[in-house]
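Engineer: When you number the sequence shown by full-length UniProt numbering, it's gap-free, plus one each residue, and the end is 364.
Even glycine gets a Cβ: it sits at the ideal position worked out from N, Cα and C.
Note that the structure is predicted; figures quoted are calculated from it, not measured.
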Amino acid sequence: MKILNARTGQPQSIPFNLGEAGRARRLEEVKISNRPGQEPEGPESVGFFVFGQEQKHVILTKNSNQAGVLVRINTSHSYTRGANEGKVELKGGKATLLTKGYFADGDAGGLGSQSDELWHVEEPTLFLVHLSGGAYKGAGWRYLIVTEKFNVFMFTRDELAQLIATDENPEVSKALRPFAVKGNVHADIRAAYEFAEKMEDVVIDALAPAIQHFVKSWKPLAEIVTNWGLAIPAVMGGTVTGVEGVHSNTLVPGPKALLAVTIGPGGGKRYGYDLVWEDGVTRLKSEKNGKYTAEDILATVDDANWQLAWINKKDGEVTAYCIADAGGVHTYYIEGRQEVRTENWEGMGAIPMSLEALKSTFGM
């Protein structure tokens, strides 16, 4: 039997301590046997015995016939005011809490308490774990899955839904499925299983005309998609074909093109932009830069006559009128030549726009 650290999925070094000493805290030492011939060879091969009445203690021994895996679950993560409780909930499977210690925040331990637990797991099992601290610090709720092979994996809900939808890790998908059937997981996870089943029946015609996407970046579209945290399903063969939308942070195959573009001038706080309109596209992801002077957009193209229009500014004054459409990105600088500059989409030729057409579009 092995002993694993749930936070890393790797073997837990032995011996070790659970929790910490101090006020409103508890230090629990998990020791190794000092009896001759009973010392474990390492974390990959251990046995254990428990002793004590009110407070249980664990001694690690030489590997025995005990089945399963030992799992350390440490819920202490980071200090965030008002979000400092760390806890473990057993949602399904066969597991026994052997012993635990406690961490705490504040000199008196009154700012939050976090358990540090040692479990014996004997079959595929599901835990909900709350790591102390704010979500923006990487804390919050996690699904902890112990698989049939007695490996451990920890995911956020979004990460797990994406993994299920893409069938990226069949070992995890198989272990979690019974709990999904019983309703022990969030609806997003159950929906991801339904999506994965539908994807098994999807076949993309390799002889069909390729979808031309609208990309204004030096990065390949597949890299742009994954940088947004979206997964490309296996049925697409590692490339981005036509899409319908996104499900469980995974691209859904379909007939539509993608648009990947940045609007706004960028630069320092003296610069800015106004989005005038946005027609014929559906945003999948978007994010403004730190100074709100530019915005990256990933969207599906829903109409052949799609269009985005925005006005670039500096110190509150208009510097350029911009339009993105199937012909390219068209920019009219009001202090430059009386013409429109058109930049083509990657892999496509530019279709120029006249100054009269651009002015008409903006009602100038």
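Drop a sphere of 10 angstroms on the beta-carbon of Asp303, count the other beta-carbons inside from all chains shown, and report buried for 16 or more, exposed for fewer.
Structural biologist: Exposed, because fewer than 16 other Cβ atoms sit within 10 Å of the Cβ of Asp303.
Engineer: Give me the Cβ distance between Val329 and Leu358, rounded to the nearest whole Å; I'm assuming they're in contact under 8 Å.
Structural biologist: 12 Å between Cβ atoms; not a contact.
Engineer: Does the count of Cβ pairs from the stretch 220 to 230 and the stretch 175 to 191 closer than 8 Å reach three?
Structural biologist: Counting Cβ pairs under 8 Å, fewer than three are found: no touch.
Engineer: Compare the Cα-Cα distances from Val146 to each of Ile3, Leu27, Gly138 and report the closest residue.
Structural biologist: The residue with the shortest Cα to Cα distance from Val146 is Ile3.
Engineer: Following the continuous alpha helix (DSSP H) through Met199, name the residue where it begins and the one where it ends.
Structural biologist: Counting along the chain, the alpha helix (DSSP H) containing Met199 begins and ends at 187 to 199.
Engineer: With a threshold of 6 Å on Cβ separation, who are the neighbours of Asp315 within its own chain once the five nearest residues in sequence on each side are excluded?
Structural biologist: Cβ neighbours of Asp315 beyond the five flanking positions: Arg270.
Engineer: Looking at the C-beta of Ala210, does it have a partner C-beta in chain D at a distance below 9 Å?
Structural biologist: Reference to chain D is not applicable here, since this structure consists of a single protein chain.
Engineer: Could you give the distance in angstroms between the alpha-carbon of Gly25 and the alpha-carbon of Glu117?
Structural biologist: Residue 25 is actually Arg in this sequence, not Gly. In a straight line, the C-alpha of Arg25 is about 13 Å away from that of Glu117.
Engineer: Would you mind listing the beta strand (DSSP E) stretches within the stretch 124 to 185 that are 3+ residues and don't spill past its ends, in chain order?
Structural biologist: Counting only runs of 3 or more, we get 125 to 131, 140 to 146, 152 to 155.
Engineer: Compare the Cα-Cα distances from residue 395 to each of Asp279, Asp296, Gly290, Val240 and report the closest residue.
Structural biologist: This structure gives no information on residue 395, because the portion of the chain shown stretches from 1 to 364.
Engineer: Which value, in whole angstroms, describes the spacing of the CA atoms of Lys285 and Lys219?
Structural biologist: Looking at the two C-alpha atoms, the distance is approximately 16 Å.
Engineer: Under the DSSP definition of a beta bridge, which residues are partnered with Arg253?
Structural biologist: Rather than Arg, the amino acid found at residue 253 in this sequence is Pro. DSSP lists Val243 as partners of Pro253.
Engineer: Does the beta-carbon distance from Phe127 to Leu90 come in below 9 Å?
Structural biologist: Yes. Within cutoff.
Engineer: Between Phe51 and Gly140, what straight-line distance do the alpha-carbon atoms span, to the nearest angstrom?
Structural biologist: For Phe51 and Gly140, the distance between alpha carbons rounds to 33 Å.
Engineer: Identify the continuous beta strand (DSSP E) that holds Leu221 and give its terminal residues.
Structural biologist: Premise fails: Leu221 lies in the alpha helix (DSSP H), 221 to 227, not in any beta strand (DSSP E).
Engineer: Determine the DSSP secondary structure at Thr361, reduced to helix, strand or coil.
Structural biologist: Helix.
Engineer: Return yes when the C-beta of Gly101 is under 8 Å from any heavy atom of the ligand MN, and no when it is not.
Structural biologist: By its list of ligands, the structure shown contains no ligand whatsoever, and the ligand MN lies outside what it can speak to.
Engineer: Around the C-beta of Glu244, are 16 or more other C-beta atoms found within 10 angstroms, so that it is buried, or is it exposed?
Structural biologist: Exposed, because fewer than 16 other Cβ atoms sit within 10 Å of the Cβ of Glu244.
Engineer: Applying the criterion that 16 or more other CB atoms from any shown protein chain within 10 Å of the CB defines a buried residue, is Glu197 buried or exposed?
Structural biologist: By the 10 Å Cβ count, Glu197 comes out exposed.
Engineer: Taking the alpha carbon of Glu39 as the point to measure from, which residue in Gln55, Leu60, Ala21, Glu54 has its own alpha carbon closest?
Structural biologist: Nearest C-alpha to Glu39: Leu60.
Engineer: Starting from Ser286, follow its DSSP beta bridges and name the residues at the other end.
Structural biologist: According to DSSP, Ser286 bridges with Ile297.
Engineer: Between the Cα of Leu176 and those of Leu144, Phe195, Asp201, spot the shortest distance and give me the residue it belongs to.
Structural biologist: Of the candidates Leu144, Phe195, Asp201, the one whose C-alpha sits nearest the C-alpha of Leu176 is Leu144.
Engineer: Here's the rule: buried if 16 or more other CB atoms are within 10 angstroms of the residue's CB, otherwise exposed. What is Trp277?
Structural biologist: By the 10 Å Cβ count, Trp277 comes out exposed.
Engineer: Using a threshold of 9 Å, state whether the C-beta atoms of Gly93 and Val121 are closer than that.
Structural biologist: Yes, Cβ-Cβ distance for Gly93 and Val121 is below 9 Å.
Engineer: Under the three-state reduction of DSSP, which class applies to Ala350: helix, strand or coil?
Structural biologist: In the structure shown, Ala350 sits in coil (DSSP, three-state: anything other than H, G, I, E or B).
Engineer: Can you tell me where the beta strand (DSSP E) holding Gln114 begins and where it ends?
Structural biologist: Where Gln114 is concerned, the enclosing beta strand (DSSP E) stretches over 112 to 121.
Engineer: What do you reckon, are the CB atoms on Trp306 and Cys322 nearer than 9 Å?
Structural biologist: Against a cut-off of 9 Å, the Cβ pair of Cys322 and Trp306 comes out as no contact.
Engineer: Cα separation between Pro43 and Asp107?
Structural biologist: Each residue's alpha carbon lies about 34 Å from the other.
Engineer: So, helix, strand or coil for Glu28, using DSSP?
Structural biologist: Correct three-state label for Glu28: strand.
Engineer: The beta strand (DSSP E) spanning residue 368 covers which residue range?
Structural biologist: Residue 368 is absent from the structure shown; the chain starts at 1 and stops at 364.
Engineer: Report buried or exposed for Met1, applying the criterion of at least 16 other Cβ atoms within 10 angstroms of its Cβ.
Structural biologist: By the neighbour-count rule (16 or more Cβ atoms within 10 Å), Met1 is buried.
Engineer: Pull the bridge partners of Tyr333 from the DSSP assignment, please.
Structural biologist: Tyr333 is bridged to Ala320.
Engineer: Rounding to the nearest angstrom, what Cα-Cα distance links Asn17 and Ser173 in this structure?
Structural biologist: Looking at the two C-alpha atoms, the distance is approximately 32 Å.
Engineer: Quick one: what's got a C-beta closer than 6 Å to Leu207's C-beta in the same chain, skipping five residues either side?
Structural biologist: Because Leu207 sits at a pLDDT of 47, beneath the cut-off of 50, its placement in the model cannot be relied upon, and the point is left open.
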